[in-house]
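First residue of the sequence shown: 296, per my numbering; consecutive thereafter.
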Amino acid sequence: MKVIKLTEANIPAFKEYFKKYSHEQDESNPPLDDFKITDDEPAFLLIENNEIRGAASLMIYPEYREVRLARFRIFHTINNDFISYNKLLNNILLHTNGLTSIYCFIEDKFSNIAKLWEEMGFQSRRYAWILVMELAPNVKADFPEGYELRTFRDEVDEENWCSVINDAFEHSLGHVRMTPEKLSHMRITTGYIKEGMKILWHSDKPVGTIMLDKETINNEEVIFIDAVSVLNEYQGKGLGKNLLKAGLEFAVNYGVKKAMLSVNGENEKAAEMYLKEGFKKEALYKCYYYDIKN
296 MKVIKLTEAN IPAFKEYFKK YSHEQDESNP PLDDFKITDD EPAFLLIENN EIRGAASLMI
356 YPEYREVRLA RFRIFHTINN DFISYNKLLN NILLHTNGLT SIYCFIEDKF SNIAKLWEEM
416 GFQSRRYAWI LVMELAPNVK ADFPEGYELR TFRDEVDEEN WCSVINDAFE HSLGHVRMTP
476 EKLSHMRITT GYIKEGMKIL WHSDKPVGTI MLDKETINNE EVIFIDAVSV LNEYQGKGLG
536 KNLLKAGLEF AVNYGVKKAM LSVNGENEKA AEMYLKEGFK KEALYKCYYY DIKN
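Below, the structure is given as structure tokens:
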């Protein structure tokens with residue numbers, strides 16, 4: 296059993312491994328068509344008997360380096376044992392100079408893997424719920440007078456989007472600064488819907504955002520509601536609730552039967568709103584951190 300650095304030749308195999316196993320942990324950052332081997336994305340494969348038995352890949356983009364963090368794209372091995380995970384971790388750690396922590400998510404039901412991570416020194420510090428809702432046809436957004444929800448304009452609204460997101464989530468655990476570059480990358484995912492990206496305006500001021508993606512869960516297409524945000528100074532006006540309703544209305548018109556979203560556990564206010572609107576808890580994901588000893 297050995298660990299090898301990812302090469303251009305085995306990127307297709309890496310992508311296939313991610314597609315097959317990432318659902319066990321965190322499938323929110325798949326390697327896309329433009330995926331390349333760079334210093335910002337170190338990746339390794341665990342090989343045994345000429346077969347890929349594991350993969351570890353970090354994302355260390357500039358916005359992550361600013362806060363001295365890195366996030367795992369994937370940290371997984373079929374072997375499900377301490378030695379295999381530790382081999383992958385030791386190679387990843389060679390690329391963490393200047394960082395304080397690396398982190399990854401895992402669904403709560405995979406407690407056996409979480410236990411292995413804890414033995415290696417990972418600690419669970421936050422969690423997120425995946426919520427799901429059966430859609431009803433009568434949902435309508437009703438924004439106060441003077442507010443208008445408009446579709447995102449390419450090469451015009453990038454800075455507007457980023458400024459709202461960064462203000463709204465400034466104090467949220469795990470928030471990494473949104474940048475136009477990161478936003479551009481998000482918009483080339485397979486589930487991206489161009490007309491599903493919206494900015495809420497108050498006169499000529501951007502004050503809120505919402506993003507609707509399509510995903511296939513258990514062979515069923517659903518709408519995933521993401522990036523529901525409102526500027527701090529505009530919170531408490533019911534805007535977040537109406538952004539959610541606008542997202543549900545979009546999903547109904549899109550023709551799907553379910554909507555899903557993710558909410559951080561510490562964001563109790565948002566979680567309470569989603570549950571009141573009819574969402575139910577589907578899965579719990581814990582976020583584990585490994586602190587770097589520099």
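For each residue, glycine too, the CB sits at the ideal point set by N, CA and C.
Query raised in the report: Straight-line CA distance for PHE313 to VAL459?
Result: For the purposes of this step, residue 313 is taken as the residue at position 18 of the sequence shown. For the purposes of this step, residue 459 is taken as the residue at position 164 of the sequence shown. Going from the Cα of PHE313 to the Cα of VAL459 covers about 32 Å.
Query raised in the report: With a CB to CB cut of under 8 Å and the five nearest residues on each side skipped, what residues in its chain are close to CYS582?
Result: The sequence position of residue 582 within the sequence shown is 287, counting from 1. These residues qualify, in order along the chain: TYR398, CYS399, PHE400, SER419, ARG420, ARG421, TYR422, ALA423, GLY469.
Query - Nearest neighbour of ARG482, chosen from GLU528, TRP456, PRO432, PHE377 [CA to CA] - result: Indexing the sequence shown from 1 puts residue 482 at position 187. Selected option, being the one with the closest Cα: TRP456.
Query raised in the report: If we ignore side chains and look at the alpha-carbon of each, how far apart do SER498 and LEU327 end up?
Result: Taking the first residue of the sequence shown as position 1, residue 498 is located at position 203. Taking the first residue of the sequence shown as position 1, residue 327 is located at position 32. Going by the C-alpha atoms only, they are around 37 Å apart.
Query - Under the three-state DSSP convention, the category ASN374 falls into - result: Position 79 of the sequence shown, counted from the first residue, corresponds to residue 374. Note: ASN374 maps to coil in three-state DSSP.
**Report entry** Proximity to ALA304 [Cα-Cα], best of SER323, LEU340, HIS318
**Finding:** Position 9 of the sequence shown holds residue 304. The candidate whose alpha carbon is nearest that of ALA304 is LEU340.
Requested in this report: Excluding the 5 residues preceding and the 5 following ALA522 in the sequence, name in chain order all residues of the same chain whose CB lies nearer than 7 Å to its CB.
Outcome: Taking the sequence shown and counting its residues from 1, the one referred to as residue 522 is at position 227. Taken in chain order, the residues that qualify are ILE460, THR504, ILE505, MET506.
Requested in this report: Look up ARG482 in the DSSP assignment and say whether it is helix, strand or coil.
Outcome: Within the sequence shown, the letter at position 187 stands for residue 482. Three-state result, ARG482: coil.
Query - Simplified DSSP assignment, three categories, for GLU544 - result: The residue given as residue 544 occupies position 249 in the sequence shown. It is helical.
**Report entry** Check whether SER323 and ALA338 have beta carbons under 7 Å apart
**Finding:** As a working mapping, residue 323 is identified with position 28 in the sequence shown. As a working mapping, residue 338 is identified with position 43 in the sequence shown. Not closer than 7 Å, so no.
Requested in this report: Within the stretch 352 to 438, note down every full alpha helix (DSSP H) run reaching 4 residues or more, in order along the chain.
Outcome: 357 to 361, 377 to 387, 406 to 415
Query raised in the report: Is the number of C-beta pairs between the stretch 378 to 395 and the stretch 357 to 369 that are closer than 8 Å three or more?
Result: yes
Query raised in the report: Which parts of the stretch 483 to 556 are runs of the beta strand (DSSP E), unbroken and 3 residues or longer, counting only runs that do not cross its ends?
Result: 487 to 497, 500 to 512, 515 to 525
Query raised in the report: Cα separation between ASN381 and PHE370?
Result: By one-based count along the sequence shown, residue 381 stands at place 86. By one-based count along the sequence shown, residue 370 stands at place 75. Whole-angstrom Cα-Cα distance: 11 Å.
Query raised in the report: For the alpha helix (DSSP H) that contains LYS571, what are its first and last residues?
Result: Translated into positions along the sequence shown, residue 571 becomes position 276. Segment 563 to 571, the alpha helix (DSSP H) holding LYS571.
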